[in-house]
């Protein structure tokens, strides 16, 4: 074969649905020479990551680790460890990631009760309660806290308590919320919560933070059948992460552990409340600017994610060509729609290190330029002005 | 919580069973800012990796990709995609990794025919043939080419042809051979072959190279049941890696893809034959030095891996304390034994970038020093002299 050339990718500002821009300190941490995965010093690093993740997740759960795969591996780990063939799971589906959970439930041989909601809406607590009452014994209720495909944020108040009242466990997807939007595992009384590294943590994709409540661990211990996945079997993985045991299971992705440790240091240095406020401030400014371009939000009012801003493409505008030009001419990645939203929305991520005033102004300017080139009546600079007005009002 | 300190791990020379020392060029590639996982330029990078992996695997298989997990995820992917409940699989077990395959076969709901061989031995072709004749229709025969737990290298000649004669597919674990020992997927007529990045490719752990033959893909297409794992479902992953499709499945671990691309560039720049010869040369020198210390090889003669040198701890020597001192005082990681070999062997990896004269001399010197301190009669420098003599003889 012809020799492959030096790695030299073009510079891109990543403002899509993820990956987000990786913090330079995280990139630097990844160039650190490796320890072995059973080295006493690496075990100390794993302890650091567990403590950091507990802080970020808002939990005291001893089982709080990083699964060796991307966010979807975290989703699969949460479900395949809890579900056995014949169990019943209620899955709230209002986007791609709810649908994915439903698919995995089926592969587990479990009975699926699917609560569908239009994409962009959130699931009503009363519907979940009704399903819990009418579905026979339910093992798991699964919801997506931050639906990356629609930009909607599911309210969590009372959901854990409701599940437990009916003897069910609560599984929550926080891939696009952890580190950008409040995630309160213990306050939610959630039992299995997972995330990814490549969103609000500003770390490359490759690990999936995962926490199980003691209640979930009891269910895992009481399984009658083996977990379908050896790689994701948390009864064995627990013995690798448990301080004092550290039994070999599989080789941990050491460099990614270095990366998440540094990413979480940055998150906790900023402080979670300050970080959440920053995400809200820049999202508000972005949405103010987008309104001047005729882009209405896709997600239900009062339930919009500040980390993932999903907006409707103005009528008469072709979605994909504009997005492609923003990528190739402006060097900015934004996302298109998935499934029923394909061609209809743009998804603009302002996640972690990517949530900044300069990025808000950059993406608004790029949209103005490309919409004008496409023949739309655009007043150049108006979107940026609206964003700056939003910042001024926020003080 | 108390702030976590700056990442500052001690320097370690990684001469255990993996991870191996990562090449500095690979570490540098990992500090490259990220592209999005659907960026046209990233898709070009994925094409590069596929072409490089075909070269390293010795295959023309179009389906040749990197699974988003460590080597064990590759093992699971190979098996869960091919096996359905009720299928029969013959697994050759002569160490930890054969046992792991057997465990996964059981989780797939398949019938397991286990061919056990003492650890350090290889499986006789005649036994596999016998099992094929007597086990009813067999879907898969699984073998470990390079058994990391024993240092034995399974001969592959004629095995693929034998499997096909009986209508079975051949699955091969090449985690500790790819890039260090000849792997010839097409010549072997193997159908599902996986590896890891952290051994002879000198890349951090985090990806699992995987290739399926067209025959294996036909079997996957003809499945009656869904693959147990959504995350590892190759019928969907194929659509992400296939040029011209690139349908979103899960977010690829972009930085790890940068890493494996650079690692494979280095492998192919050196050239596979030169690389294999280098692994043999340094292994021979190491073993010559170890012989002076009374360390006999664990693996069957004629079937010893040059990448993973498994040796018996001399009688009367306590294994773990010596290994711990080599780690903490000499800064060199070597491996102990697993399962029935715990406390009985050392495993010294000379993999990829780690396979060098200076590393051979370093580990021999450390062993001499620590054995002498432990009260063994050691002639300091003799092991290094034997290694140098081996180099001189090799010319």
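Protein chains in written order, with the numbering used here: chain A, 1 to 395; chain B, 1001 to 1395.
The beta-carbon is built from N, C-alpha and C at its ideal position, and this holds for glycine as well.
1. Could you tell me which chain A residues have their CB closer than 8 Å to the CB of residue 1100/B, listed as they occur along the chain?
2. Given that a residue counts as buried once 16 or more other Cβ atoms are within 10 Å of its Cβ, and exposed if not, what is residue 1413/B?
3. Give the straight-line distance between the Cα atoms of residue 1071/B and residue 395/A, rounded to the nearest whole angstrom.
4. Quick test of the definition: if touching needs 3 or more C-beta pairs under 8 Å, does the segment 48-57 of chain A touch the segment 95-111 of chain A?
5. Rounded to a whole number of angstroms, what is the C-alpha to C-alpha distance between residue 1218/B and residue 1191/B?
6. With a threshold of 8 Å between beta-carbons, can residue 1176/B be considered close to chain A, or not?
7. Whose CA, out of 1001/B, 1020/B and 1368/B, lies closest to the CA of residue 1202/B?
8. How would you write the range of the beta strand (DSSP E) that residue 209/A sits in, first residue to last?
9. Here's the rule: buried if 16 or more other CB atoms are within 10 angstroms of the residue's CB, otherwise exposed. What is residue 283/A?
10. Taking only beta-carbon positions, decide if residue 1029/B is within less than 8 Å of chain A.
11. Determine which residues share a DSSP beta bridge with residue 14/A and list them.
12. Taking buried to mean at least 16 other C-beta atoms within 10 Å of its own C-beta, is residue 372/A buried or exposed?
13. As a quick exercise: from 1377/B, 1032/B, 1089/B and 1149/B, pick the residue whose alpha carbon is nearest that of residue 1176/B.
14. Would you kindly check if the distance between the Cβ of residue 1120/B and the Cβ of residue 418/A is under 8 Å?
15. If you follow the alpha helix (DSSP H) that residue 1262/B is part of, which residue opens it and which one closes it?
16. Note down, in chain order, all residues in the segment 242-272 of chain A with a beta-carbon under 9 Å from any beta-carbon belonging to chain B.
17. Give every residue of the same chain whose Cβ lies closer than 6 Å to the Cβ of residue 134/A, excluding the five residues on either side of it in the sequence, and list them in chain order.
18. Suppose you measure from the CA of residue 1155/B to the CA of residue 1029/B; what does that come to, to the nearest Å?
19. Of all Cβ atoms in chain B, is any one closer than 8 Å to the Cβ of residue 60/A?
20. Do residue 200/A and residue 351/A come within 8 Å of each other at the CB atom, strictly closer than that value?
21. Counting only Cβ pairs nearer than 7 Å, list the residues of chain B close to residue 198/A.
22. DSSP state of residue 1170/B, grouped into three classes?
23. Give the residues from the segment 1119-1152 of chain B that approach chain D closer than 7 Å (Cβ to any Cβ), ordered along the chain.
24. What distance in whole Å lies between the Cβ atoms of residue 363/A and residue 15/A, which are believed to be in contact at a cut-off of 8 Å?
25. Once you ignore the five residues that flank residue 1205/B on each side, which residues in its own chain have a CB closer than 7 Å to its CB?
26. For the segment 1204-1237 of chain B, which residues have a beta carbon sitting closer than 7 Å to at least one beta carbon of chain A?
27. Counting Cβ pairs, one atom from each stretch, are 3 or more of them under 8 Å apart for the segment 1082-1099 of chain B and the segment 1111-1126 of chain B?
28. For residue 1233/B, count neighbouring Cβ atoms within 10 angstroms of its own Cβ and tell me buried if that reaches 16, exposed if not.
29. Quick check on the DSSP output: what are the complete beta strand (DSSP E) runs of length 3 or more inside the segment 1292-1351 of chain B, in order along the chain?
30. Is residue 1008/B buried or exposed, if buried means 16 or more other CB atoms sit within 10 Å of its CB?
31. Suppose the cutoff is 6 Å on Cβ atoms and the five residues either side in sequence are ignored; what does the same chain contact list for residue 32/A look like?
32. Are there 16 or more other CB atoms within 10 angstroms of the CB of residue 146/A, so buried, or fewer, so exposed?
33. Measuring CA to CA, which of 85/A, 388/A and 40/A is closest to residue 108/A?
34. Buried or exposed: residue 1064/B, going by 16 or more other Cβ atoms within 10 Å of its Cβ?
35. Which ranges does the beta strand (DSSP E) cover as unbroken runs of at least 3 residues, wholly within the segment 61-138 of chain A, from first to last along the chain?
36. For residue 194/A, does the three-state DSSP call read helix, strand or coil?
Quick look at the numbers:
1. Start at 1 with the first residue of the second chain, and residue 1100/B comes out as number 100. Correct list: 230.
2. An answer regarding residue 1413/B cannot be provided, because it is not within the stretch 1001 to 1395 covered by chain B.
3. Here the question's residue 1071/B lines up with position 71 in the second chain. Here the question's residue 395/A lines up with position 395 in the first chain. Taking the straight line from one Cα to the other gives about 51 Å.
4. With a cut-off of 8 Å, the segment 95-111 of chain A and the segment 48-57 of chain A do not count as touching, because too few Cβ pairs lie within range.
5. The residue given as residue 1218/B occupies position 218 in the second chain. The residue given as residue 1191/B occupies position 191 in the second chain. So the alpha carbons of these two residues sit roughly 11 Å apart.
6. The count along the second chain starts at 1 and reaches residue 1176/B at position 176. No - not a single Cβ of chain A is within 8 Å of the one on residue 1176/B.
7. Mapped onto the second chain, residue 1202/B falls at position 202. Checked all of 1001/B, 1020/B and 1368/B; the closest Cα to residue 1202/B is 1020/B.
8. Working through the first chain from its first residue, we reach residue 209/A at position 209. Note, residue 209/A: beta strand (DSSP E), 208-212.
9. As a first step, residue 283/A is located in the first chain; it is residue number 283 there, counting from the start. Using a 10 angstroms sphere on the CB of residue 283/A, the tally of other CB atoms reaches 16 or more, which defines it as buried.
10. Position 29 of the second chain holds residue 1029/B. Chain A contact via Cβ: present.
11. Sequence index remark: in the first chain, residue 14/A carries index 14 (1-based). Partner(s): 333/A.
12. Along the first chain, one-based indexing puts residue 372/A at 372. Exposed is the call here.
13. Within the second chain, residue 1176/B is the residue found at index 176, counting from 1. Relative to the Cα of residue 1176/B, the nearest Cα in the group 1377/B, 1032/B, 1089/B and 1149/B belongs to 1149/B.
14. Only positions 1 to 395 of chain A appear in the structure, and residue 418/A is not among them; the question remains open.
15. Walking along the second chain from the start, residue 1262/B turns up at place 262. Taken as a continuous stretch (DSSP letters only), the alpha helix (DSSP H) holding residue 1262/B covers 1254-1270.
16. Among the residues of the segment 242-272 of chain A, those with a Cβ less than 9 Å away from any Cβ of chain B are 248, 249, 250, 251, 252, 253, 254, 255, 256, 258, 259, 261, 262, 264, 265, 268 and 269, in the order of the chain.
17. Numbered from its first residue, the first chain carries residue 134/A at position 134. Excluding residues within five positions, none has a Cβ falling inside 6 Å.
18. Mapped onto the second chain, residue 1155/B falls at position 155. Mapped onto the second chain, residue 1029/B falls at position 29. About 35 Å.
19. If you number the first chain from 1, residue 60/A lands on position 60. Any Cβ of chain B closer than 8 Å to the Cβ of residue 60/A would place that residue at the interface, and such an atom is absent.
20. Within the first chain, numbered from 1, the residue matching residue 351/A stands at position 351. Within the first chain, numbered from 1, the residue matching residue 200/A stands at position 200. Taking the C-beta atoms as reference points, residue 200/A is found nearer than 8 Å to residue 351/A.
21. Sequence index remark: in the first chain, residue 198/A carries index 198 (1-based). Here the neighbours are 1251.
22. For the purposes of this step, residue 1170/B is taken as residue 170 along the second chain, with counting starting at 1. Residue 1170/B sits in a strand when the DSSP states are folded into three classes.
23. Reference to chain D is not applicable here, since the protein chains of this structure are A and B.
24. By 1-based counting over the first chain, the position of residue 15/A is 15. By 1-based counting over the first chain, the position of residue 363/A is 363. Contact holds; Cβ gap of about 5 Å.
25. In the second chain, counting from the first residue as 1, residue 1205/B sits at position 205. Contacts found: 1019, 1070, 1196, 1197 and 1198.
26. The residues in question are 1204, 1205, 1206, 1226, 1228, 1229, 1230 and 1231.
27. Three or more beta-carbon pairs drawn from the segment 1082-1099 of chain B and the segment 1111-1126 of chain B are found closer than 8 Å, and the two stretches are therefore classed as touching.
28. By 1-based counting over the second chain, the position of residue 1233/B is 233. Counting C-beta atoms within 10 angstroms of its own C-beta, residue 1233/B has 16 or more neighbours from the protein chains shown and is therefore classed as buried.
29. You should have 1308-1312 and 1345-1349.
30. Numbered from its first residue, the second chain carries residue 1008/B at position 8. So residue 1008/B counts as exposed.
31. Here residue 32/A corresponds to residue number 32 of the first chain, with the count starting at 1. Around residue 32/A: 258.
32. Here residue 146/A is taken as the residue at index 146 of the first chain, counted from 1. Answer is buried; the Cβ neighbour count reaches 16.
33. By 1-based counting over the first chain, the position of residue 108/A is 108. For residue 108/A, the nearest C-alpha among the options comes from 85/A.
34. Position 64 of the second chain, counted from the start, is the residue given in the question as residue 1064/B. Only buried fits residue 1064/B, as 16 or more other CB atoms lie within 10 angstroms of its CB.
35. Whole beta strand (DSSP E) segments, 3+ residues: 64-67, 88-93 and 111-116.
36. Counted from its first residue, the first chain places residue 194/A at position 194. In the structure shown, residue 194/A falls within a strand segment according to DSSP collapsed to helix, strand and coil.
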